[in-house]
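With the numbering used here as the guide, the letters of the sequence shown map in order to residues 2 to 313. Backbone N, C-alpha and C fix where the C-beta goes; we use that ideal spot for every residue, glycine too. Data block below; observations after.
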Amino acid sequence: MSEGSSLLVNVLASGMAGIIARVFTHPLDTAKARLQAVYTTQQEQHYRGTVDVLRKTLRTEGIQGFYRGFGAVLVGGTPGTAIYLCGYEAAKKGLAEQYRGNDFVIHFTAGMIAETLACIIYVPVDVVKERMQVQHKTGGKLTYRNSWDALQKIAATEGLTGIYKGYAATLGSFGPFSALYFVCYERFKYWTRLHLTQSNNRELRELEHIEVPFHWLLVCSSSAGALASWVTSPLDMVKLRLQVQRGMDHSNRNTSSTYNGVWDCWQKTYRAGGLAGLWRGAGARVLYTVPATTITMTSYETCQSIIAKALS
Numbered sequence: 002m003s004e005g006s007s008l009l010v011n012v013l014a015s016g017m018a019g020i021i022a023r024v025f026t027h028p029l030d031t032a033k034a035r036l037q038a039v040y041t042t043q044q045e046q047h048y049r050g051t052v053d054v055l056r057k058t059l060r061t062e063g064i065q066g067f068y069r070g071f072g073a074v075l076v077g078g079t080p081g082t083a084i085y086l087c088g089y090e091a092a093k094k095g096l097a098e099q100y101r102g103n104d105f106v107i108h109f110t111a112g113m114i115a116e117t118l119a120c121i122i123y124v125p126v127d128v129v130k131e132r133m134q135v136q137h138k139t140g141g142k143l144t145y146r147n148s149w150d151a152l153q154k155i156a157a158t159e160g161l162t163g164i165y166k167g168y169a170a171t172l173g174s175f176g177p178f179s180a181l182y183f184v185c186y187e188r189f190k191y192w193t194r195l196h197l198t199q200s201n202n203r204e205l206r207e208l209e210h211i212e213v214p215f216h217w218l219l220v221c222s223s224s225a226g227a228l229a230s231w232v233t234s235p236l237d238m239v240k241l242r243l244q245v246q247r248g249m250d251h252s253n254r255n256t257s258s259t260y261n262g263v264w265d266c267w268q269k270t271y272r273a274g275g276l277a278g279l280w281r282g283a284g285a286r287v288l289y290t291v292p293a294t295t296i297t298m299t300s301y302e303t304c305q306s307i308i309a310k311a312l313s
């Protein structure tokens, strides 16, 4: 297959994978956001856990409450996922020539590069999505009617720099996650191929050409997603609180910022809740990330195979 056809396959497969994953996992992402932001938004109604969030959201807002901010995700998340996965594949291919044999460096660095590129799209999407997810009625009205209204109001009050102000915090959260995820995912796939090689009495030189079965892709992606999301959960919590806080600062000019940056957020969260406070919402994040990464990667690899065969 030519290089142009290969790129087309990757773009189509990653775009389709992004849509499929987001439809199924957005409600869990909403639960995660509300748990992590609860101290920042000063909501009267606190949540005891993931199930409690889901139950109360369904009771007070209906199904629509689970999909707040989904418009932004659908419009921006799809090209973001395409940039993310295509960027990873391109970076991995380029790094393999320079760091041949050092898989950890290749996959870790490729994951960071992919996230750095994708955050150009992901950051505005995240800002809009998260403010939609955690907003509550003030005077009987919601601050944002929909994702487009949220984007317009954020741009009007904070400008373009306000939308991208959380780029460093977002990259500081998603970057380590992506790096750790791909290191684990690729290693788990390697061990799976090694197991299949030994069990089928095939030679080791055939290792790279062995296609990992669908059920093993599920195991590899879900295991990598669970591990990476749990370890980096405090980074995600800090990022979310800072992004949500910016919206509060502009809606109420008379209140001072709760947090004065990433380190201040870390310190205040730790003082208020200890280690448990830093990992608040980690369970919801794992519950969201595992199906999200599993559906994304299995859909991506499956669609990649189907489209490649159709174009060949």
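The Cβ-Cβ distance between Q246 and T259 falls below 8 Å. Here the stretch 281 to 301 makes contact with the stretch 19 to 35; the two share three or more CB pairs at distances below 8 Å. Going by DSSP, R60 is part of the alpha helix (DSSP H) stretching over 51 to 62. The stretch 64 to 109 is shown to contain whole alpha helix (DSSP H) runs of 4 or more residues at 64 to 67, 79 to 99, in chain order. DSSP places A309 inside the alpha helix (DSSP H), whose first and last residues are 283 to 312. Taking 8 Å as the cut-off, the beta carbon of G112 is found closer than this to the beta carbon of Y182. Around V287, the same chain offers A227, S230, W231 as residues with beta carbons nearer than 7 Å, after the five sequence neighbours per side are excluded. Of the other Cβ atoms in all chains shown, 16 or more fall within 10 Å of the Cβ of N11; this residue is therefore buried. By the neighbour-count criterion, in which a residue is buried when 16 or more other Cβ atoms sit within 10 angstroms of its Cβ, F105 is exposed. Taking a C-beta distance under 8 Å as the contact criterion, V128 and I164 qualify as a contact pair. Counted as a single uninterrupted DSSP element, the alpha helix (DSSP H) harbouring I155 occupies residues 148 to 164.
Of the candidates W149, L279, S148, A91, A91 places its Cα closest to the Cα of I107. Comparing alpha-carbon positions, the option among S223, V239, L36 lying closest to Q134 turns out to be L36. It is roughly 12 Å from the alpha-carbon of L279 to the alpha-carbon of A38.
As the crow flies, the alpha-carbon of A151 is around 19 Å from that of K240. For E187, the uninterrupted alpha helix (DSSP H) segment begins and ends at 168 to 200. Here W264 carries a helix assignment [DSSP, helix/strand/coil]. According to the DSSP assignment, A225 belongs to the alpha helix (DSSP H) that extends over 215 to 232.
Contact annotation, I114 with G78: C-beta distance approximately 19 Å; criterion of less than 8 Å not satisfied.
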